[in-house]
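Residue numbers (the working numbering), protein chains in the order written: chain A, 1 to 245; chain B, 246 to 442.
Heads up, the beta-carbon is just placed ideally off N, CA and C, and yes, glycines get one too.
One structure below.
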Amino acid sequence: MSTLWRVADVVSGVPETETSRTIGLRVDGLMGNLAGQHIDIRLTADDGYTAVRSYSVATASMDEIIEITVDELANGEVSPYLVRDLAVGDQLEIRGPVGGWFVWRPTDTNPVQLIAGGSGIVPLMSMIRAHEASENPSPFRLLYSLKSPEAGFYREELLTLGQQSPKLTVDYVYTRSVPQGWPTAPKRLTAETLLANILPPDATPDTFICGQTIFVETVAEWLVESGYPAASIKTERFGGTGGTR
Amino acid sequence: MGIISSGFHGKRQTGNPALPPGQYETASFPVLTAGPAPYVATADWEFFIRTEAGERHAWSWDAFMALPQVDIRTDIHCVTSWSKLGTSWRGVSLDTLFEDVETTSDYTTAHSYGGYTTNVPLQDLRDGQAWVAWEFDGEPLERAHGGPARLLVPHLYFWKSAKWINGIELTQDDLPGFWESNGYHIHGDPWREERYS
Ligand SMILES: Cc1cc2nc3c(=O)[nH]c(=O)nc-3n(C[C@H](O)[C@H](O)[C@H](O)COP(=O)(O)OP(=O)(O)OC[C@H]3O[C@@H](n4cnc5c(N)ncnc54)[C@H](O)[C@@H]3O)c2cc1C
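What follows is the structure, encoded as structure tokens:
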């Protein structure tokens, strides 16, 4: 059952960017995950103190091995340990994969618009991978908002898919620095830029938005104001500031 | 017994008896919703209770504000592991709202503007355990947090405290609501860690 804590073996750890790492976890008897689900990770210190955090699954397979990508939050309790200290061969505990709402299923037929802010790409990557591995023909479009080109996760794979997949379009917006030769200067994401880079409302896309809370809130509001039905928008908030003021 | 991560030390703030198992304290007030927040003007707002016999009790915003208002100071616990201690709210007790309601039902479904639903046993709503709240920290409840008014059932995980509350329907059976149909626990008691189904 998904509520039980299970032991996971750390089978890989590959830096994704300077501050993030993709971690492979093997769990006996695990049968993969739905695209978009997350797991909870529990760390226990040697005096019994525990901390639990959620991490989206990046992969989409029917496998005993799943991958997560963790971005280090300076001064965070759990993420610096997962990015810097955890080693292949270590064990930790996981619960899940859980969640039946922020998920994409290969039987879904609508076009899909994915909107990622920073590490919010993780569950959306799972959806892209599930979509590519399936026969599902509906068009997928990804808008990936990034501080800089170097901050992108899954760069090679997204570049290749963006060029070669007949059913995926990838667009980037950069908020602090842009790649060489990029046509526009870096700037804060605006509603105009957003709307110019996504499927229009009359394409009736299912939209998935993921990232820091403030990013998700802002983007979701813009979409609703621009005529996308609220019921077609699903959101996943990773935390951080926002919603308080 | 857990697996020990010898290099992990954590930033412990446990030992706080106000924190249920697996929760950590946050000073901010994160937002968790399935989608964007609906707009509801108080002029259009109403709160209803519908019984299994089809009897409907309803309050406009003004009628609701004319009911006895109480201040509530309570801890809140989100299933995503944060807890916020000592929050203050103002609203109407469900005991007040249920005063003239006759029912033999044991369960309820809370309905929100925007279509969200969550199920709560009636006994978790009565005897000073639940409110319809419209003020947070002395200010009108922000839309992102469920304004104009939300259900407040702080002894259960916070997804039970339905934002943008519209009404409560009494039901004979415990019918799973939105998150309860999507992998989360039917009841949601943080002290028993009833997180997932
Ligand atoms: C469903 C879900 C899925 C998630 N998936 C991922 C994932 O795939 N990859 C990933 O890297 N993270 C993901 N997160 C975020 C993750 O759970 C942790 O919150 C994050 O790693 C920080 O934990 P920490 O212990 O290092 O920091 P903490 O010690 O918890 O926090 C340190 C400080 O940073 C703030 N903070 C917390 N989270 C964030 C944030 N996301 N952005 C900015 N500030 C923040 C806190 O308010 C606090 O002030 C997910 C969260 C949820 C709810």
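Should Val248(A) go down as buried or exposed, given a rule of 16 or more other Cβ atoms within 10 Å for buried?
-> Limits of chain A in this structure are 1 at one end and 245 at the other, which puts residue 248(A) out of reach.
Heavy atom of ligand 1 within 7 Å of Phe238(A) beta-carbon = yes
Relative to ligand 1, is the shortest distance from any of its heavy atoms to the C-beta of Tyr55(A) smaller than 7 Å?
-> yes
Under a CB-based cut-off of 8 Å, is Lys329(B) close to chain A?
-> Judged by the 8 Å Cβ criterion, Lys329(B) is not in contact with chain A.
Is Ser165(A) near Gly36(A), with beta carbons less than 8 Å apart?
-> no
Which class does Leu168(A) belong to by DSSP, given the choice of helix, strand or coil?
-> Here Leu168(A) sits in strand by DSSP.
Report yes if the C-beta of Gly76(A) is less than 7 Å from at least one heavy atom of ligand 2; otherwise report no.
-> The model depicted lacks ligand 2 and carries ligand 1 instead.
Any non-hydrogen atom of ligand 1 closer than 7 Å to Thr271(B) Cβ | yes
Would the beta-carbon of Lys408(B) fall within 8 Å of that of His390(B)?
-> yes
Reduced DSSP category for His390(B) - H, G, I as helix; E, B as strand; rest coil = helix
According to DSSP, is Gly118(A) helix, strand or coil?
-> Gly118(A) falls in the helix class under three-state DSSP.
Are at least three pairs of beta-carbons, each pair with one atom in the stretch 55 to 71 of chain A and one in the stretch 121 to 140 of chain A, less than 8 Å apart?
-> yes
So does the stretch 67 to 86 of chain A actually touch the stretch 19 to 29 of chain A, counting three or more Cβ pairs closer than 8 Å?
-> yes
So is the beta-carbon of Ser250(B) under 7 Å away from any non-hydrogen atom of ligand 1?
-> no
Taking the alpha-carbon positions, what's the Ser145(A) to Pro80(A) distance?
-> 23 Å
In angstroms, rounded to a whole number, what distance separates the CA positions of Ala191(A) and Lys256(B)?
-> Roughly 39 Å between the two C-alpha positions.
Are the beta-carbon atoms belonging to Tyr352(B) and Asp418(B) less than 8 Å from one another?
-> yes
Could you give the distance in angstroms between the alpha-carbon of Ala272(B) and the alpha-carbon of Leu43(A)?
-> In a straight line, the C-alpha of Ala272(B) is about 22 Å away from that of Leu43(A).
Buried or exposed for Arg318(B), please, with buried defined as at least 16 other CB atoms from any protein chain shown within 10 angstroms of its CB.
-> exposed
Just by C-beta distance, which residues in the stretch 393 to 421 of chain B are closer than 9 Å to chain A?
-> none
If you draw a straight line from the C-alpha of Val78(A) to the C-alpha of Arg53(A), how long is it?
-> 7 Å
Residues near Asp345(B) in its chain [Cβ-Cβ closer than 8 Å; skip 5 each side] | His302
Can you grab the Cα-Cα spacing for the pair Phe381(B) / Ser328(B), in whole Å?
-> 16 Å
May I have a chain-ordered list of the beta strand (DSSP E) segments no shorter than 3 residues that lie completely inside the stretch 294 to 340 of chain B?
-> Counting only runs of 3 or more, we get 301 to 305, 315 to 322, 327 to 338.
Interface residues of chain B around Val98(A) at Cβ under 7 Å?
-> Gly428, Tyr441
Residue burial classification, Glu16(A) (beta-carbon count within 10 angstroms, cutoff 16) | The residue is buried, with at least 16 neighbouring Cβ atoms inside 10 Å.
Taking the Cβ atom as the reference point for each residue, do Phe274(B) and Phe292(B) lie within a distance shorter than 8 Å?
-> no
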